[in-house]
Every structure is written in C-alpha cells, then in structure tokens.
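Peer 1: In numbering that gives the first Met the number 0, the protein residues as written are 0 to 409.
C-beta: ideal position from N, C-alpha, C; glycine also.
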Amino acid sequence: MALIVQKFGGTSVANLERIRNVAKRVARTREQGNEVVVVVSAMAGETDRLLALAKEVSPRPSQREVDVLLATGEQVTSSLLAMALQDMGFPAVSLLGHQVRIFTDSNYSTARIQSIDGSRLERELKEGKIVVVAGFQGIDQEGNITTLGRGGSDLTAVAIAAALGADLCEIYTDVEGVFTTDPNICPEARKIPKISYEEMLEMASLGAKVLQTRSVEFAMKYNVPIHVRSSFSEEDGTMVVAEDQSMERVVVTGVTYKTDEGKITIKKVPDTPGVAARIFGPLAEANIVVDMIVQNVSEDGFTDLTFTVPKGDMTRAVEIVEKVGKELGAKGVAWDPDIAKVSIVGVGMRTHSGVASKMFAALASEGINIQMISTSEIKISCVIEAKYKELAVRVLHKAFGLGEEAVQEA
Ligand code: ADP
Ligand code: ASP
Ligand code: MG
C-alpha cells in the first residue's frame, strides 16, 4: 500500500462532469489499495473572477479580505469532490487549510508555508477516508486566512506530500506533462519523460507555469518525487526527480518565455561608487524585486542603467527611480512594458560551450533584436520585443533540436 497525493488543477475541476471524472480517477487509485490525499484548485477562471469582483468593489481592496475571498474558490471544489466520492460509495472528507493546520507567515497573497500539522490528515486516512484538501490556502499564527500565490495548489500538494512522507505526488493538469516548451504556442514541443528538480526550478521561474516555482523548490528541498500528468489521459507524464547522470547529456532541456516584467532605463547617471546602491536600495525597501540589470559602458564618466521589474510594480518603480534620478542629476527615466524574456535551460550547459552564441545567432536569423542578456550556470535569458515572443520560442526550439528525438543524445 502506498500513500499518494493527487493534485487536480483548475481545468480538471472546471465543471461537475469533470469533478465526477476526477472522483473516478481518485476512486480507482483507492481501489488499487493506496491511501489517497487529494488537493484541488478552484474551478478554471474562478480565482480571476473573484479578483475582478474585489477590484470592482474597491480599487485598493484590503489584502486580508482578498485572501478570504480567494480561498472560497478551493472551498467549493473540495466539498463538491468529497460529495462526488461519497456518492460513489467512498468515504471522503473535505478539509480547508485551517482544518489541516497549514501554518503560513502573514504575507497575504504570497504567504510562505511554515509548518503543516499532519495529525488530522493521518487520523482521517487511518479511518479509511479519502481526504480532499482545498489547495492554495493556509492560516497565519493569528488565525487569518492566507493564500500561497498564484498556482499555489501545487505547493499545497507538495508540502502535504512532504509532511506525510508520501510515496508520490501526482500533479494532474491540462497537458500531458512538462514539455520542451509551452505546447500551446509551439506544436513541435515534446514531452520530457524525466527532468531534474534544478532544471524544473529554472523552467518554472522563467515562465513554464505547469508547476508553481515554489512547489518545485519545496519538492527539491524535501526530495518529493513529482509526476506531472494529464487528467484527460492515461499516458505517463513527466517525472521530476533528483538529477542523475543521463540528464547531463542533454545540453538544452527546454525553452521558456515570460511577459510579466517591464524594463526601466535611467539615463546618464554618474559612473561613481555608490550610485547603484542609491538606485536599487529604495526599490528593495519598497519590496520591488529587480530581475535583470545591465549597465552600459561609461562615456565621459556617465552611464545608462537598465533593469526589469514585475509589470505590477512598474508605476511605483518609475516613481522611485525618477526621484532618485533627480537627486543624482540623471538625464531622464524611460520605461517599456512591451518586452518578453525568452530563456533556454539545461544542466548540460555546464559542460558545453557555444550555447549562448547559438542562441544569439538563432534570434538574429529572424531579425529579433536582443535588448538584455543574463546567464547562470544552467540558463541563458534574453529580453526582446514582446511581439516576437512566439517566433523566438519556435526558432530557439528548432535551433536546439528539441523537437527531434535523435538530436537529444549528444
Ligand atoms: P493547472 O490549472 O492544472 O494548474 P496551469 O495552467 O497552471 O494548469 O499549467 C498548465 C499550463 O502550463 C499548460 O496549459 C501550458 O500552456 C503551460 N505551460 C507553459 N510551459 C509549459 C511547458 N514547458 N510544459 C507544459 N506546459 C507548459
Ligand atoms: N486557484 C489558484 C490560482 O488560480 C491556485 C491554483 O489554481 O493553484 O492561482
Ligand atoms: Mg497551475
């Protein structure tokens, strides 16, 4: 007998028919002799709908109340799935975040899990029940409802799997696994049978939203094996596991894109010690996460600094930088939200050269201008004009032979 955590995303529970299908799949796993904890997302589109309601009633709704509101989406699907299972004759119980006792910090909308009390879950399992947990939510030490960031039900599932020492965490979604790039924009994308936590973490944080970034961090830390698969098929999906030798042979594993950042340039600031700290200090104090930074070669003691921030923070960031810019005697501040970041990811990059130049040549072959570049040991990212996003993904996917099985074994 194994203990399996199964998480079903929004599209998998989008209506009652799909909820009944999920119930059948869960029941089958139970009938095979396994203990099952299920984690559900809200119905597809529900979290966005609730957010829009909050914005309609108030332009700046209280973050505490937004989390109370958003948590209702998962409450609905958890109870409906428990009912569907009971209707099929299976003992089932739904539990909300506070009932499981998923404790988080008090950062509404992006709360971090601090601890999970497994005792209630264990008791229900011992009584032979299928436990259905509402994903994406917890409580802080004061008892306030918190949510774990968009896509946070993935984290609920992985964290519960870790807390209970589950044998496997299955993430059921609307695609058959983790692909070499988003299959919805590149038809040649290929399913990756096995990927390391490290690569998956880079892919997720660089835009592959099939797994929430923090859920991968958590899985890596606690060594939780994840199987990403489709709730609409029986095919095996992608195993996300610790790195092994065979993975090293693949130079580039995947291509990702992100369009949720904008670019800010501060022009002609003095190229003297302390200037960067003067600019980025106040941004950090305002809790604005700066991603890529490029400083131009200085001319006559002055330089341009360009960096990216989340689009949601652009207005605040520009205000701050304009203020600092005045103090520093800068020539002006320019900003551009119409950018995309395309990235290639692969652990094999550590041991192969020429990967960056191949990426730049591929983008150049389509006349796509590179505005910013950043690299790490296992990824290279380029900022380009947003309108070239899909073209860039396809040309990179082709350039690194990701659509063709044969080229993978270099
Ligand atoms: P769920 O609602 O089940 O959590 P998500 O919408 O969060 O599902 O994630 C699945 C989506 O992730 C897919 O529909 C796909 O468009 C997108 N995606 C982006 N990059 C990738 C990738 N490399 N592999 C698979 N899916 C990807
Ligand atoms: N319902 C939440 C969201 O849409 C959490 C999740 O689906 O994982 O982001
Ligand atoms: Mg998701």
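Taking C-alpha atoms, which residue in Gly88, Ser214, Leu50 lies nearest to Arg63?
Peer 2: For the purposes of this step, residue 63 is identified with residue 64 of the sequence shown, where counting begins at 1. Taking only the C-alpha atoms, the option nearest Arg63 is Leu50.
Peer 1: Count the other CB atoms within 10 Å of the CB of Ala188; is the residue buried (16 or more) or exposed (fewer)?
Peer 2: Taking the sequence shown and counting its residues from 1, the one referred to as residue 188 is at position 189. The residue is buried, with at least 16 neighbouring Cβ atoms inside 10 Å.
Peer 1: Could you tell me which of Ile112, Gly148, Lys128 sits nearest to Ala161, measuring between CA atoms?
Peer 2: Mapped onto the sequence shown, residue 161 falls at position 162. Nearest of Ile112, Gly148, Lys128 to Ala161, Cα basis: Ile112.
Peer 1: Cβ-heavy atom distance between Lys208 and ligand 3 below 7 Å?
Peer 2: Within the sequence shown, numbered from 1, the residue matching residue 208 stands at position 209. Answer for Lys208: yes, Cβ within range of ligand 3.
Peer 1: Taking only runs of the alpha helix (DSSP H) that begin and end inside the segment 203-289, which ones reach a length of at least 4 residues, in chain order?
Peer 2: 212-221, 274-284
Peer 1: Is it true that the CB of Val131 sits closer than 8 Å to the CB of Val39?
Peer 2: The residue you call residue 39 lines up with position 40 of the sequence shown. The residue you call residue 131 lines up with position 132 of the sequence shown. For Val39 and Val131, yes; Cβs fall inside 8 Å.
Peer 1: Given a cut-off of 8 Å, decide if Ser152 and Gly44 are closer than it, judged by their beta-carbon atoms.
Peer 2: What you label residue 44 is simply residue 45 of the sequence shown in a count that begins at 1. What you label residue 152 is simply residue 153 of the sequence shown in a count that begins at 1. The answer is no: Cβ separation not under 8 Å.
Peer 1: Within the segment 7-51, note down every full alpha helix (DSSP H) run reaching 4 residues or more, in order along the chain.
Peer 2: 15-30
Peer 1: What are the residues that DSSP puts in a beta bridge with Val394?
Peer 2: Sequence index remark: in the sequence shown, residue 394 carries index 395 (1-based). BP columns for Val394 are empty, so no partner.
Peer 1: Expressed to the nearest angstrom, what Euclidean distance is found between the alpha-carbon atoms of Pro269 and Ala329?
Peer 2: As a first step, residue 269 is located in the sequence shown; it is residue number 270 there, counting from the start. As a first step, residue 329 is located in the sequence shown; it is residue number 330 there, counting from the start. Distance between the alpha carbons of Pro269 and Ala329: 8 Å.
Peer 1: Is Thr103 near ligand 1, with its Cβ less than 7 Å from a heavy atom?
Peer 2: Residue numbering aside, residue 103 sits at position 104 when the sequence shown is read from its first letter. No - ligand 1 has no heavy atom lying nearer than 7 Å to the Cβ of Thr103.
Peer 1: What residues in its chain sit with their C-beta under 6 Å from that of Ile18, if we drop five residues either side in the sequence?
Peer 2: The residue given as residue 18 occupies position 19 in the sequence shown. Excluding sequence neighbours, Ile18 sits near Val12, Leu79, Leu80, Ala83.
Peer 1: Between Gln211 and ligand 3, is the CB less than 7 Å from at least one heavy atom?
Peer 2: Taking the first residue of the sequence shown as 1, we reach residue 211 at position 212. Yes, the beta carbon of Gln211 sits closer than 7 Å to at least one heavy atom of ligand 3.
Peer 1: May I ask which residues mark the beginning and end of the beta strand (DSSP E) holding Gly137?
Peer 2: Start at 1 with the first residue of the sequence shown, and residue 137 comes out as number 138. Its beta strand (DSSP E) spans residues 136-138.
Peer 1: With 16 as the cutoff for other CB atoms within 10 Å, does Ser93 come out buried or exposed?
Peer 2: Mapped onto the sequence shown, residue 93 falls at position 94. Ser93 comes out buried.
Peer 1: By DSSP, does Met87 sit in helix, in strand, or in coil?
Peer 2: The residue given as residue 87 occupies position 88 in the sequence shown. In this structure, Met87 counts as coil in the three-state DSSP scheme.
Peer 1: What distance in whole Å lies between the Cβ atoms of Val177 and Ile159, which are believed to be in contact at a cut-off of 8 Å?
Peer 2: By 1-based counting over the sequence shown, the position of residue 159 is 160. By 1-based counting over the sequence shown, the position of residue 177 is 178. So it is not a contact: roughly 21 Å between Cβ atoms.
Peer 1: Does Ser364 pass the burial test, meaning 16 or more other C-beta atoms within 10 Å, or should it be called exposed?
Peer 2: Residue numbering aside, residue 364 sits at position 365 when the sequence shown is read from its first letter. By the 10 Å Cβ count, Ser364 comes out exposed.
Peer 1: Would you kindly work out how many angstroms separate the C-alpha atoms of Leu304 and Pro58, rounded to a whole number?
Peer 2: Working through the sequence shown from its first residue, we reach residue 304 at position 305. Working through the sequence shown from its first residue, we reach residue 58 at position 59. Rounded to whole angstroms, Leu304 to Pro58 spans 33 Å at the Cα level.
Peer 1: May I ask you to report which of helix, strand or coil DSSP gives Phe399?
Peer 2: On the sequence shown, residue 399 is found 400 positions in, with the first residue counted as 1. Per DSSP, reduced to three states, the secondary structure at Phe399 is coil, with no helix or strand assignment.
Peer 1: Tell me the DSSP secondary structure of Ala1 in three-state form.
Peer 2: One-based indexing of the sequence shown puts residue 1 at position 2. Coil, per DSSP.
Peer 1: Would you check if the distance between the CB atom of Cys168 and the CB atom of Val223 is smaller than 8 Å?
Peer 2: The residue you call residue 168 lines up with position 169 of the sequence shown. The residue you call residue 223 lines up with position 224 of the sequence shown. In this structure, Val223 lies closer than 8 Å to Cys168 by Cβ.
Peer 1: Among residues of its own chain, excluding the 5 on either side of Lys23, which ones have a beta-carbon nearer than 8 Å to its beta-carbon?
Peer 2: Mapped onto the sequence shown, residue 23 falls at position 24. Met87.
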